[in-house]
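Participant: Got a structure for you, written out below as structure tokens; questions coming shortly.
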Amino acid sequence: TGARILFVALGCPRQEVWVYENLTRLSMPMLAVGAAFDFHAGTLSQAPAFLQRAGLEWTYRLAMEPRRLWRRYALLNPAYLSLLLLQLLRFPRWDRVDVGEPPTRDLRFG
């Protein structure tokens with residue numbers, strides 16, 4: 029098709045699973061964008077600006093769609109954070125000097 033990037037908007041966690049399962053099939057960057065298209069199309073209302081600035085847009089979304097989102101925010105997010113914390117505790121800190129260095133070879137995304 030000539031596409032150079034793929035935006036995947038299937039919702040969490042389906043979009044992340046789909047991207048992971050198709051990493052080797054597609055040789056382009058894939059971005060999981062969640063409800064971004066719904067927000068831009070006006071089919072889903074966004075949180076008030078003060079909640080967005082405070083990083084609390086999820087509370088607005090939970091209030092708007094509690095049946096659909098409660099499990100994600102009550103169960104999946106804490107599980108993810110606990111796994112992230114365990115991973116951070118197991119691995120030594122990286123050398124921050126090397127973080128900004130350019131790659132030594134071409135990288136293929138996707």
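The numbers in my numbering rise by one with no breaks, and the one at position 26 of the sequence shown is 54.
C-beta atoms are modelled at their ideal positions from N, C-alpha and C, and glycine is treated no differently.
In the DSSP assignment, find the unbroken alpha helix (DSSP H) run with residue 47 in it and report its ends.
Facilitator: From DSSP, the alpha helix (DSSP H) with residue 47 extends over 42 to 49.
Participant: State the Cα-Cα distance for the pair residue 143 and residue 60, rounded to the nearest angstrom.
Facilitator: Any question about residue 143 goes unanswered here, given that the chain covers just 29 to 138.
Participant: Would you say the region 58 to 72 touches the region 34 to 41, given that touching needs at least three Cβ pairs under 8 angstroms?
Facilitator: Yes: the two stretches touch, three or more of their Cβ pairs being nearer than 8 angstroms.
Participant: What are the residues that DSSP puts in a beta bridge with residue 22?
Facilitator: Beyond the ends of the chain as shown, which are 29 and 138, falls residue 22; an answer cannot be given.
Participant: Report yes if the CB atom of residue 90 is closer than 8 angstroms to the CB atom of residue 97, and no otherwise.
Facilitator: In this structure, residue 97 lies closer than 8 angstroms to residue 90 by Cβ.
Participant: Compute the beta-carbon to beta-carbon distance between residue 67 and residue 74, rounded to the nearest angstrom, for a pair I have assumed lies under 8 angstroms.
Facilitator: Confirmed, about 5 angstroms.
Participant: Would residue 40 and residue 99 be called neighbours here (beta carbons separated by less than 8 angstroms)?
Facilitator: No. Outside cutoff.
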